[in-house]
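Data first, discussion second: the structure below is written as structure tokens.
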Amino acid sequence: MAMLRHSPYHHRFVQLGAQFVERIGFAAPSVFSTTEDEHRATRERVGLFDVYYQVPIEVAGADAEAVLNQVLVADISRQPVGRVVYAAPCNAEGGMIDDLTCYRLEPDRFWLVPTPSRVDAVLATLRRAAEGRHAVVTALGYKNAYLSVQGPNSRELLQGLTESDLSTTALAYFSLKLMTLADVPMLVSRTGYSGELGYELFYPSEYAEHVLDTLLAAGRPLGVLPCGLGALRSLRIEKRYPLYGLDLDESTTPIEAGLGWTVKLTKPAFQGREVLARQKAKGTERQLVLLLMAPDAPLPPVGTAVGHSGEAVGRVTSADRGHTVGRTLAMAYVPPALAVDGQEVSIAGGATEWAAVVSTRPAYDPEGLRLRG
Numbered sequence: 001m002a003m004l005r006h007s008p009y010h011h012r013f014v015q016l017g018a019q020f021v022e023r024i025g026f027a028a029p030s031v032f033s034t035t036e037d038e039h040r041a042t043r044e045r046v047g048l049f050d051v052y053y054q055v056p057i058e059v060a061g062a063d064a065e066a067v068l069n070q071v072l073v074a075d076i077s078r079q080p081v082g083r084v085v086y087a088a089p090c091n092a093e094g095g096m097i098d099d100l101t102c103y104r105l106e107p108d109r110f111w112l113v114p115t116p117s118r119v120d121a122v123l124a125t126l127r128r129a130a131e132g133r134h135a136v137v138t139a140l141g142y143k144n145a146y147l148s149v150q151g152p153n154s155r156e157l158l159q160g161l162t163e164s165d166l167s168t169t170a171l172a173y174f175s176l177k178l179m180t181l182a183d184v185p186m187l188v189s190r191t192g193y194s195g196e197l198g199y200e201l202f203y204p205s206e207y208a209e210h211v212l213d214t215l216l217a218a219g220r221p222l223g224v225l226p227c228g229l230g231a232l233r234s235l236r237i238e239k240r241y242p243l244y245g246l247d248l249d250e251s252t253t254p255i256e257a258g259l260g261w262t263v264k265l266t267k268p269a270f271q272g273r274e275v276l277a278r279q280k281a282k283g284t285e286r287q288l289v290l291l292l293m294a295p296d297a298p299l300p301p302v303g304t305a306v307g308h309s310g311e312a313v314g315r316v317t318s319a320d321r322g323h324t325v326g327r328t329l330a331m332a333y334v335p336p337a338l339a340v341d342g343q344e345v346s347i348a349g350g351a352t353e354w355a356a357v358v359s360t361r362p363a364y365d366p367e368g369l370r371l372r373g
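Each residue of the sequence shown is one higher than the last, beginning at 1 in UniProt numbering.
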């Protein structure tokens, strides 16, 4: 068995009772208490998530914007300094190489935060686009630590540790700011994967233990809990956030995945534009939907058939418990005719078929009000 790497928080998490799973060669916390407790703590109070194995990529230089505009489906020329954009780099067929966030730190300096398993693929794509241009593409490795602070009490927790203004006026959803927090210089972005008010913190790794201890101590009166990957996955599926490697891969396009809003056809040519323009105009053969099942329905394994009128019409791509909404939830690609709110389908469960209802919207906070509060 290969030796697993440890994040700077590892020994603290051992003391806190974490159970670990392998994630990109790291021992990552899966759960501390129970996934449901951690899920509810994030929805109702505040949760701390360690995703140290994320590797930011820096793109810098006079042509950095042009490189990113060629690679990403978003229009980076319209992204001001201090803003974050969610986007995908696509291949020539419109398939998603990854879905990621792009941070504009300066006019000619960007950070991208890809899916950990897709760092090499994103790096290769960016470096090809940067050839012959004034742009340097650098994987920043693990010199920075990372914590995600999510939940309705997250602002109150962080505001008590910094003189910077964290109000929505000063730090809006999908914006970023450089600040000193807990006496540590860091980048703080108003982003996350939970569907709640939340922040992501990037800072030098040598401060990792200090930042974690400070947040846990300051957050105790606010009900803070350290949380694992299990809670992060159950939180995201309630919000219908797709997960790369399960719901997304290089054979799926942003249009099929319900991410057409990220594709900006008004900008100059970019990778996959022709296919994506055609899909936007004429539609696709399948659409990613959320499937709402009964609370006692078992989690359908990836690949389980989705049926309608006695025929298989799709396959489950991911599934988790929706602890807030009280349902078993799954995601699947189905024909557009069935991608309609309220459409009834079935999911195979061995000798049993389980009823499911299609939703094209998040099961939790479909208007996204909690994110922007």
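Note that beta-carbon positions come from the ideal geometry of N, C-alpha and C, so glycine has one too. Model, not experiment: these values are computed from the prediction.
Cα-Cα separation between residue i and residue j, rounded to whole angstroms
i: P254; j: G310; result: 29 Å
i: Q150; j: V46; result: 6 Å
i: G258; j: V334; result: 12 Å
i: A140; j: E38; result: Reading off the sequence shown, one finds Leu at residue 140, where the question assumed Ala. Using only the alpha carbons, I get a separation of about 30 Å.
i: G160; j: L201; result: 15 Å
i: V85; j: P336; result: 28 Å
i: L229; j: F49; result: 8 Å
i: E274; j: E209; result: 48 Å
i: A218; j: T317; result: 39 Å
i: M179; j: V188; result: 7 Å
i: E256; j: G283; result: 9 Å
i: A41; j: R278; result: 43 Å
i: H6; j: L216; result: 20 Å
i: D75; j: G368; result: 23 Å
i: T328; j: A363; result: 11 Å
i: A18; j: L232; result: 15 Å
i: E65; j: V184; result: 30 Å
i: N69; j: A129; result: 10 Å
DSSP state of residue i mapped onto helix, strand, coil
i: E200; result: strand
i: R127; result: helix
i: H323; result: coil
i: T284; result: coil
i: I24; result: coil
i: M1; result: For M1, the pLDDT reaches just 47, beneath the cut-off of 50, and the residue's location in the model is therefore unreliable, leaving the point undetermined.
i: D365; result: coil
i: A277; result: helix
i: D63; result: coil
i: D296; result: coil
i: I347; result: strand
i: S251; result: coil
i: R78; result: helix
i: G245; result: coil
i: P56; result: coil
i: Q271; result: coil
Burial state of residue i (16 or more Cβ within 10 Å)
i: M1; result: Note that M1 scores a pLDDT of 47, beneath 50, so its modelled location is shaky and nothing firm can be said.
i: K239; result: buried
i: E163; result: exposed
i: S323; result: Per the sequence shown, the amino acid found at residue 323 is His instead of Ser. So H323 ends up on the buried side.
i: Q287; result: buried
i: E131; result: exposed
i: R372; result: exposed
i: T34; result: exposed
i: S148; result: buried
i: R78; result: exposed
i: L248; result: buried
i: A92; result: exposed
Limits of the unbroken beta strand (DSSP E) element including residue i
i: T180; result: 176-181
i: H308; result: 305-308
i: R236; result: First-last for R236: 229-238, but that is the alpha helix (DSSP H), not the beta strand (DSSP E).
i: Q144; result: In the sequence on display, residue 144 carries Asn and not Gln. Unbroken beta strand (DSSP E) run through N144: 144-150.
i: S117; result: Premise fails: S117 is in no beta strand (DSSP E) and is neither H nor E.
i: P185; result: 184-189
Where the alpha helix (DSSP H) containing residue i begins and where it ends
i: V14; result: 10-15
i: D37; result: 35-44
i: L212; result: 208-219
i: S154; result: 154-159
Expected contact under 8 Å - CB spacing of residue i and residue j to nearest Å
i: V137; j: I24; result: 20 Å between Cβ atoms; not a contact.
i: L100; j: V113; result: 6 Å
i: L222; j: N144; result: So it is not a contact: roughly 25 Å between Cβ atoms.
i: P116; j: V71; result: Not a contact, Cβ separation roughly 19 Å.
i: V358; j: A339; result: 7 Å
i: V224; j: L181; result: Actually they do not touch by this definition, with Cβ atoms about 15 Å apart.
Short CB-CB distance (under 8 Å) between residue i and chain D
i: V316; result: No chain D appears in this structure, which consists of one protein chain only.
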